Structures are given as structure tokens and as C-alpha cells.
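Heads up: the sequence shown is residues 1 to 244, going by full-length UniProt numbering. Comments concern the structure below.
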Amino acid sequence: MRHARRCSCAQRLFQHFVNSERDTPCWYHWITLPIYMCDLSCCLWRTLLPQLQLLDSDQELYKNFPLVISERWQQEVAETVYEAVNADTDKIEARKRAKNKQLGHEEDYALGKDCIMHGYMLKLGNPFLTQWQRRYFYLFPNRLEWRGEGESRQNLLTMEQIISVEETQIKDKKCILLKIKGGKQFVLQCESDPEFVQWKKELTEAFTEAQRLLRRAPKFLNKSRSAVVEISKPPLSHRNSNGL
Numbered sequence: 001m002r003h004a005r006r007c008s009c010a011q012r013l014f015q016h017f018v019n020s021e022r023d024t025p026c027w028y029h030w031i032t033l034p035i036y037m038c039d040l041s042c043c044l045w046r047t048l049l050p051q052l053q054l055l056d057s058d059q060e061l062y063k064n065f066p067l068v069i070s071e072r073w074q075q076e077v078a079e080t081v082y083e084a085v086n087a088d089t090d091k092i093e094a095r096k097r098a099k100n101k102q103l104g105h106e107e108d109y110a111l112g113k114d115c116i117m118h119g120y121m122l123k124l125g126n127p128f129l130t131q132w133q134r135r136y137f138y139l140f141p142n143r144l145e146w147r148g149e150g151e152s153r154q155n156l157l158t159m160e161q162i163i164s165v166e167e168t169q170i171k172d173k174k175c176i177l178l179k180i181k182g183g184k185q186f187v188l189q190c191e192s193d194p195e196f197v198q199w200k201k202e203l204t205e206a207f208t209e210a211q212r213l214l215r216r217a218p219k220f221l222n223k224s225r226s227a228v229v230e231i232s233k234p235p236l237s238h239r240n241s242n243g244l
């Protein structure tokens, strides 16, 4: 019975903490921190804010409650929570800075080249094609290059290796399917629908134009070869009447 009364008191205290409002406006960070109550088998959970201070009205609840929270303990808890919140924020900002720095470096690679389009896409990788890998891609008229984060080596897929550019769907996501010679497949997923439309359009046009040029290439080579053969023959004026 005594334990039940204490738990009920703890619940009322918890409810007061949740419903209490501060005069100073601040951002609410939803971080749960366990406060193990002295001489109780239960624990309270509450959302703590930086620079937490108990008011006189709060102290009234402690008259018949066997717990004393010192100002030093309050300050330590507040600083701990504040540092925890800032640590998460610092990590997010550090990732953003690294991403922006890398993005600027990736964009520099395309400067001064005949790059049609470049940006991030997800590539279905590993031997079993079950894991999406985020890579930065560059589309050129005759090839598709990509590089992973922290990688210095460029990967390359030429338009001559591609058989077709198609649209497919994997787990309700529109993807670009590149069928490659040898029965292999290359699956790409864009991060948004507008990017998907643009990448598919540019890849299809680049592939179509490359195939058109490749079909013309053998004829051009044959013409060049025949011209070389004709030039290598001795002129007719140097031949005698017997054809020697």
C-alpha cells in the first residue's frame, strides 16, 4: 500500500513536470532521461530542458516527498542534456559541411568537360544486387562515370557496352535499368521524381546518339581503309602496256 501511494505521488509529480510551463520560451528537445528516485522502486521520466530551474510552486510538491534535488544536480543534468542535444546537432552539421565540401569537389570535376549531367544517384550494388549504394554520377556523350564517397578512382561504363535503357520498378520505386552486354544489368534509382525524369531522358538521348554514331563508324572506317589501299597502288601512268 505504501509503495502504491509513492508511485501515485510520483505519477502526479511526473504529470506536473510534463504540464508545467516556463516563462522563458525555448526549443523543446524530446530527450528522455531516467531519474531514479531515492528510496523508491520506480523511476520517473521527463523531458528536461537546458538551464532547468524549479520554481516555488514546484517545491510545494516536495513537502511530503522524500527527495531533495540540489541546484548543483539540476545544473549538471541540464548541462548533460544540453551537451547531448548539441552533440547530435554538431554531428548533423558536420555531415552537411562534409557533403557540401564534397559536392563542390565533385562539381569541379565536371567543369571544362562535355558533361551532360551530373549528380547523386543510388546504384544497386554488391554481388547479390540487394544493397543500394549512393554514388556521384557524370553523364558524358559516350560514357557514364561514377565515384563513391572518399574514392579517388572513377568507375566507367561506355555507351558501347549498353544494350538498352529502360524503366523498371523495385519496391514501388521507379528505377533506370541499363542492360549491358554479357547479360548483366545496371540499376539506378534517383532521389526524386524530377531527377528520375531528367536522368532517364538524358541517358536515353545519349545512348541513342551514341548508337547512331557507332552504326556509322564501320562505314567510315571502310572508306578510309579503301582510300589507303588506292593510294598504295602505283599510278597508272607508271605502268607499261603489258600492265607491269
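Even for Gly, the Cβ is constructed at its ideal location relative to N, Cα and C. Predicted model, so just to flag it, every value in this text is computed and none were measured.
Could you tell me which of the options sits nearest to residue i, measuring between CA atoms?
i: I116; options: R212, I163, Y138; result: Y138
i: K179; options: V197, E195, L157; result: L157
i: E202; options: A94, T80, K181, M159; result: M159
i: residue 265; options: F207, R95, Q133, A84; result: Here the chain comprises residues numbered 1 to 244, so residue 265 is not present and cannot be evaluated.
i: S192; options: E209, L55, L122, T168; result: L122
i: E167; options: K181, R216, E149, F196; result: F196
i: L214; options: D172, V85, I163, W132; result: I163
Buried or exposed: where does residue i fall if 16 or more other Cβ atoms within 10 Å of its Cβ makes it buried?
i: V165; result: buried
i: K200; result: buried
i: E145; result: buried
i: Q51; result: Summary for Q51: the model assigns pLDDT 48, below 50, so the residue's position carries little reliability, and this model does not support an answer.
i: W45; result: Low confidence applies here, because W45 scores a pLDDT of 38, under 50, leaving its location unreliable and the question unanswered by this model.
My understanding is that residue i touches residue j, with C-beta atoms under 8 Å, so please give their C-beta distance in whole angstroms.
i: Q189; j: C175; result: 5 Å
i: Y136; j: Y120; result: 6 Å
i: P141; j: E209; result: 7 Å
i: R147; j: N155; result: 7 Å
i: V187; j: L124; result: 4 Å
Exercise. Which runs of the beta strand (DSSP E) spanning at least 3 residues fall entirely within the segment 145-196, listed in chain order?
Worked result: Here the runs fully enclosed are 155-158, 162-170, 173-180, 184-189.
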